[in-house]
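Protein chains: 2
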Amino acid sequence: MTKKQSQEGLTIKKEENFSEWYTQLITKAELADYSAIKGFMVIRPNAYSIWEILRDYFDKRIKSLGVRNAYFPLLIPESFFKREAEHAKGFSPEVAWISNREDERLAIRPTSETIMYDSYSRWIRSWKDLPLKINQWCNIVRWETKATRLFLRTREFLWQEGHCVYETKQECDEETRIYLKEYQKMCEEILAIPVLAGRKTEKEKFSGGLYTLSIEGIMPDGKSLQMATSHNLGQEFARSFKINFLDKKGKENIPWQNSWGFSTRTIGAIAMVHGDDKGLIIPPKLAYNKIVIIPLLFKGKEKEVLKKAKEINKKLNHFNPIFDDRDYSPGWKFNEWELKGIPIRIEIGPKDIEKKQVTLVRRDTNKKDQIKENKLAKEIDSLLIEIQKNLLEKAKKNLKEKIVEVKKISDLKKVIANKKIARTFFCGEIGCEDNIKDRANGASSLNFPFDEKEKGPCIFCEKEGAVCYFGKSY
Amino acid sequence: MTKKQSQEGLTIKKEENFSEWYTQLITKAELADYSAIKGFMVIRPNAYSIWEILRDYFDKRIKSLGVRNAYFPLLIPESFFKREAEHAKGFSPEVAWISNREDERLAIRPTSETIMYDSYSRWIRSWKDLPLKINQWCNIVRWETKATRLFLRTREFLWQEGHCVYETKQECDEETRIYLKEYQKMCEEILAIPVLAGRKTEKEKFSGGLYTLSIEGIMPDGKSLQMATSHNLGQEFARSFKINFLDKKGKENIPWQNSWGFSTRTIGAIAMVHGDDKGLIIPPKLAYNKIVIIPLLFKGKEKEVLKKAKEINKKLNHFNPIFDDRDYSPGWKFNEWELKGIPIRIEIGPKDIEKKQVTLVRRDTNKKDQIKENKLAKEIDSLLIEIQKNLLEKAKKNLKEKIVEVKKISDLKKVIANKKIARTFFCGEIGCEDNIKDRANGASSLNFPFDEKEKGPCIFCEKEGAVCYFGKSY
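Spelled out as structure tokens, the structure:
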């Protein structure tokens, strides 16, 4: 029997060394691989299938909201960045430039506001052209200088970026919030990851925008991961790129814009939140293959077992089963598919056949059950729902345990040292936030959560502040 | 009433000035737009929706053949190109380089063989890892120096590239042909474009490969457009990138590889082949919106007509209708949706309501019919099939008319001057092909068609040759 690399399994426990465990998990479950160029990764089929399911889900949602997909150029002239000063400042350290082709340097897009809005300025004439709601699915390059972490910090990633234009601020405000709600729904219902939803501070908002809304996932190591953002860009980009429209009264006006996105980073969050010492656990709604069928080929019974297993495989075709009749031992196969996170394993042996049953094993709890053949499809259906629910419940419990109320900087520092997230009051001033970062182990604000009316003294300056989360961030 | 730019309609006839007509069609039907950077285009929603349908169709087909999707880095180290000399020679004039980030120059991918095979060399160990069948959907940059033609010749385009690895040459040969057949099927059944399928000559094959299979569409101006290619790469890339596998006997072996792709160019072909003086005609299978519903809001009857139109819109929801109740005249709207190529227009006026009918207009023939309301959905179903069929039939007829048999160089020259495609005998020698190009108005070979057993004297050297098509190419 041949041993494949991936089959070795994880040699590090999640509790022991989270960072090492994560890297092993991503590479051994064949989700991603390093590439020949520093900082770049290969997204392997096991992860790309997750991305496709996320894309198809979200794409359908935004299309139902009237958004249409398009594709804009990869390269952006340097002069475009300069038109919006704050934006240029925010992105220029991370830009990769092409300099052998045109007189002007061309940037590989670190985000597409400028190149898109140049087109928008030609497309928008009248209020009848608004709202304009366009999205693109594409690759992005940002030259990160910190160490590479697969999915979490790479120099290239895949994302979607929605870019809409509205007549009024009110419409723009409302829609900026609507897309964030869509992200939150996707995280909770599809990724089984609960999030903290709120408004970013001035320090942490998008360069050149008016304000940023975000959802933040809390990882098992106590760090937050920004899962998606939605920016109200105000009218500044429209001014810089000369986007105007004639309103119903024939008067020239400047429209309001937003942009919103999520990326392949979220795949890293799925691995971190749901993975265990055996490997990945794919939430059933994100699993391309929802089950794996393993015939137990005992000597002398091979033919009989294989026949029955194939029959069951055919019946369960709508779950897109992996049928594993390869020449490896059952134990080897169990490990392989546990490592790769397939939600349900089905074992079929001679004894099962005698009793007209199969053995079903849940990936999330390891619970084993014997199920009668005629009830199998129905049982799998409800088990997949149960697993999805269980993963979310567990993640919610973990999130709750990570949050600690604090009132003093010294306590904030301890909370951060203990790998937790602090819930405190904060005035929102950039100067205050810089001070907090300095004095509390590099803590940064996550966001001001929505729907929290409570007020209290800012943890640093003691002026009135609102509820705000602080923590270490990916 | 406001006039939008796009509503002006085409001012040039297809027969009059094909090239100008094409550019007007693409921009006025809002399929694509020029961008701020020379040679780059914006793919607008009307075209991107066609691309999405093509992608989803083809993706399903290749998944059923065992191919899995992945994503490899955008940037490729310069040294990778140098490992396969012919490949480097073929692509280097078109490469855009990043030089501000690493010691080594990094190319934006003009194709991904080298970066993918570097990973393959780490992933493939044994015959159990084969066949490895991976595809990616991505953007490509090739710095074209000739004038930009939207979709047809731009410096960036979208495509899919499949890259497979096999144990034997036979398997690789068979599969290289299978993917080409898939492309041919897609062109004929979905794009309604018949193609010439065959093997490329040595001069025209893929740089670094063993041989190239292609399908060629013939455009109304008599030029051929390569719709897709499938390359048997032989073992050279495997040698250069050190891809080896242990066979069943434990012996080290070099595998065989192929790569195959089609791109957003095909959208240009759809516009050229099916478009007319009124604008685009989208083959029904590629139309995101299969119908447009236009209520004829005669004064005093607005409410009644709108109510009925909305009712019908709801009933026909599965055709993804555009419901156009905007404040423009009916004639203005007819022109708009004819320009944009929606397959069927439905008009609903007070008289139609009286007679419990609607008026149905086919985009391809302009034929008008009154259809009873209760038979509408069924009628649309069969009409969409009929339009798809009619477009293919027309295109087949045009293709046939374009092909002329020739035996002498002087006749080939005339055929090319008359904007036709020549069918002749050719020996396949690169030297001969160079000579033919020089002497016959720049004619190049399209391919040696499959399944043609006939032999005859080469049009240039008179040695034995096989049937080959020659023409001008995009």
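For the record, the sequence lines run as chains A and B. Heads up: the first sequence at position 13 corresponds to 2 in this note's numbering, and the numbers run straight through without jumps. Heads up: the second sequence at position 435 corresponds to 424 in this note's numbering, and the numbers run straight through without jumps. We put the beta carbon where it would ideally sit given N, CA and C, even for glycine.
(message) Below 8 Å on C-beta distance, what does B/P82 contact in chain A?
(response) Taking the first residue of the second sequence as 1, we reach residue 82 of chain B at position 93. Result: empty, since nearest Cβ-Cβ is about 12 Å, beyond 8 Å.
(request) May I have the straight-line CA-CA distance separating B/G445 from B/G420, to the nearest angstrom? (result) The residue given as residue 445 of chain B occupies position 456 in the second sequence. The residue given as residue 420 of chain B occupies position 431 in the second sequence. Approximately 18 Å between the Cα atoms of the pair.
(message) Under 9 Å, CB to CB, which of the residues in the region 240 to 259 of chain B have a partner in chain A?
(response) T253
(message) Going by beta-carbon coordinates alone, are A/I204 and B/I97 separated by less than 9 Å?
(response) Counting from 1 along the first sequence, the entry for residue 204 of chain A is found at position 215. Counting from 1 along the second sequence, the entry for residue 97 of chain B is found at position 108. When the beta-carbon positions are compared, A/I204 and B/I97 stay at least 9 Å from each other.
(request) Evaluate A/T413 with the Cβ neighbour count: other Cβ atoms within 10 Å of its Cβ, from every protein chain shown; 16 or more gives buried, anything less gives exposed. (result) On the first sequence, residue 413 of chain A is found 424 positions in, with the first residue counted as 1. Classification for A/T413: buried.
(message) If we define contact as Cβ-Cβ less than 9 Å, is A/N233 a contact residue for chain B?
(response) Indexing the first sequence from 1 puts residue 233 of chain A at position 244. False, the Cβ-Cβ gap to chain B never drops below 9 Å.
(request) Give the straight-line distance between the Cα atoms of B/R377 and A/V281, rounded to the nearest whole angstrom. (result) Numbered from its first residue, the second sequence carries residue 377 of chain B at position 388. Numbered from its first residue, the first sequence carries residue 281 of chain A at position 292. Per the sequence presented here, residue 377 of chain B reads as Gln, with Arg not at that position. Distance between the alpha carbons of B/Q377 and A/V281 is about 41 Å.
(request) Look at B/M216 and B/F251 and say whether their C-beta atoms are less than 9 Å apart. (result) Locating residue 216 of chain B in the second sequence gives position 227, where the first residue counts as 1. Locating residue 251 of chain B in the second sequence gives position 262, where the first residue counts as 1. For B/M216 and B/F251, yes; Cβs fall inside 9 Å.
(message) I'd like to know if B/S8 contacts chain A, where contact means its C-beta is closer than 9 Å to some C-beta of that chain.
(response) Counting from 1 along the second sequence, the entry for residue 8 of chain B is found at position 19. Closer than 9 Å: no.
(message) Using the three-state DSSP reduction, which class does B/I26 fall into: helix, strand or coil?
(response) Here residue 26 of chain B refers to the residue found at position 37 when the second sequence is read from its first residue. Three-state DSSP puts B/I26 in coil, outside helix and strand.
(message) Does B/Q465 come out as helix, strand or coil in the three-state DSSP assignment?
(response) Look at the range of chain B in this structure, -10 to 463, and you will see that residue 465 of chain B is not part of it.
(request) Using the Cα positions of B/W132 and A/I87, report the straight-line distance between them to the nearest angstrom. (result) Position 143 of the second sequence holds residue 132 of chain B. Position 98 of the first sequence holds residue 87 of chain A. Taking the CA atoms as reference points, B/W132 sits about 12 Å from A/I87.
(message) Measuring straight from C-alpha to C-alpha, what distance separates B/I42 and B/R33?
(response) Stepping through the second sequence from its first residue, residue 42 of chain B is reached at position 53. Stepping through the second sequence from its first residue, residue 33 of chain B is reached at position 44. Computed Cα separation, rounded: 15 Å.
(message) In the DSSP assignment, the beta strand (DSSP E) including A/V262 goes from what residue to what residue?
(response) Working through the first sequence from its first residue, we reach residue 262 of chain A at position 273. From DSSP, A/V262 is part of no beta strand (DSSP E) but of the alpha helix (DSSP H) over 254 to 263.
(request) Answer yes or no: do B/T253 and B/L381 have a C-beta to C-beta separation smaller than 9 Å? (result) Working through the second sequence from its first residue, we reach residue 253 of chain B at position 264. Working through the second sequence from its first residue, we reach residue 381 of chain B at position 392. In this structure, B/L381 does not lie closer than 9 Å to B/T253 by Cβ.
(request) Note the first and the last residue of the continuous beta strand (DSSP E) segment covering A/K122. (result) Position 133 of the first sequence holds residue 122 of chain A. Per DSSP, A/K122 belongs to the beta strand (DSSP E) from 121 to 130.
(message) Judging by CA-CA distance, which residue of A/I104, A/M30, A/R57 is the nearest neighbour of B/I505?
(response) Past the boundaries of the shown model lies residue 505 of chain B; chain B is included only from -10 to 463, so the question cannot be answered.
(request) Can you give me the Cβ contacts of A/A406 inside the same chain, cut-off strictly under 7 Å, excluding the 5 residues immediately before and after it? (result) Counting from one through the first sequence, the residue named residue 406 of chain A turns up at place 417. The answer, listed in chain order, is N430.
(message) Does chain B have any CB closer than 9 Å to the CB of A/Y60?
(response) The residue you call residue 60 of chain A lines up with position 71 of the first sequence. So, interface residue.
(request) Please say whether A/L235 and A/S115 have beta carbons closer to each other than 9 Å? (result) Here the question's residue 115 of chain A lines up with position 126 in the first sequence. Here the question's residue 235 of chain A lines up with position 246 in the first sequence. Contact flag set, yes.
(request) Pick helix, strand or coil for B/F230, following the three-state DSSP scheme. (result) Reading the second sequence from its first residue, position 241 is the one you call residue 230 of chain B. In the structure shown, B/F230 sits in coil (DSSP, three-state: anything other than H, G, I, E or B).
(request) Express the C-alpha separation of B/F323 and A/F70 in angstroms, rounding to a whole number. (result) The residue given as residue 70 of chain A occupies position 81 in the first sequence. The residue given as residue 323 of chain B occupies position 334 in the second sequence. So the two alpha carbons sit approximately 41 Å from each other.
(message) Among A/Q173, A/G(-2), A/T190, whose alpha-carbon lies nearest the alpha-carbon of A/A182?
(response) For the purposes of this step, residue 182 of chain A is taken as residue 193 along the first sequence, with counting starting at 1. Contrary to the premise, residue 182 of chain A reads as Ile rather than Ala in this sequence. That would be A/Q173, whose Cα lies nearest to the Cα of A/I182.
(request) List the DSSP bridge partners of A/T218. (result) Taking the first sequence and counting its residues from 1, one reaches residue 218 of chain A at position 229. Looking at the DSSP assignment, A/T218 forms a beta bridge with A/S203, A/G250.
(request) Counting only the same chain and skipping the five closest in sequence on each side, list residues whose C-beta sits under 6 Å from that of A/L169. (result) Along the first sequence, one-based indexing puts residue 169 of chain A at 180. Apart from the 5 residues on each side of it in sequence, A/L169 sits with its Cβ closer than 6 Å to the Cβ of L202, S219 in its chain, given in chain order.
(message) So B/Y464 contacts chain A; which residues on that side make the cut at Cβ distance below 7 Å?
(response) Any answer about residue 464 of chain B is impossible in this case: the structure gives chain B only from -10 up to 463.
(message) Quick test of your reading: B/V294 and B/P339, contact by CB under 8 Å. State the CB separation rounded to the nearest angstrom.
(response) The residue labelled residue 294 of chain B in the question sits at position 305 within the second sequence. The residue labelled residue 339 of chain B in the question sits at position 350 within the second sequence. Yes, they are in contact, since the Cβ atoms of B/V294 and B/P339 sit about 6 Å apart, within 8 Å.
(request) Would you mind reading off the limits of the alpha helix (DSSP H) that contains B/V404? (result) The count along the second sequence starts at 1 and reaches residue 404 of chain B at position 415. Per DSSP, B/V404 belongs to the alpha helix (DSSP H) from 398 to 406.
(message) Please state the DSSP three-state secondary structure of B/A21.
(response) Position 32 of the second sequence, counting from 1, holds the residue named residue 21 of chain B. If DSSP states are grouped into helix, strand and coil, B/A21 belongs with the strands.
(message) Here's the rule: buried if 16 or more other CB atoms are within 10 angstroms of the residue's CB, otherwise exposed. What is A/I468?
(response) Here chain A covers residues -10 to 463 and nothing more, so residue 468 of chain A does not appear.
(request) Let me know if A/R111 comes out buried or exposed under the rule of 16 or more other beta-carbons within 10 Å of its beta-carbon. (result) The count along the first sequence starts at 1 and reaches residue 111 of chain A at position 122. So A/R111 counts as exposed.
(message) A/Y11 and A/R144 - do their beta-carbons sit closer together than 9 Å?
(response) Here residue 144 of chain A corresponds to residue number 155 of the first sequence, with the count starting at 1. Here residue 11 of chain A corresponds to residue number 22 of the first sequence, with the count starting at 1. No, Cβ-Cβ distance for A/R144 and A/Y11 is not below 9 Å.
(request) Could you tell me whether any Cβ in chain B is nearer than 9 Å to the Cβ of A/V395? (result) Position 406 of the first sequence, counted from the first residue, corresponds to residue 395 of chain A. No, A/V395 does not count as interfacial toward chain B.
(request) For B/P120, return the contacting residues in chain A, with the cut-off set at a CB-CB distance below 8 Å. (result) As a working mapping, residue 120 of chain B is identified with position 131 in the second sequence. Contacts between B/P120 and chain A, judged by CB atoms closer than 8 Å, are missing: the closest CB pair is about 14 Å apart.
(message) Can you tell me whether B/K135 is helix, strand or coil according to DSSP?
(response) Numbered from its first residue, the second sequence carries residue 135 of chain B at position 146. B/K135: coil per DSSP, three-state reduction.
(message) Suppose the cutoff is 6 Å on Cβ atoms and the five residues either side in sequence are ignored; what does the same chain contact list for B/A276 look like?
(response) Indexing the second sequence from 1 puts residue 276 of chain B at position 287. Excluding sequence neighbours, B/A276 sits near P332.
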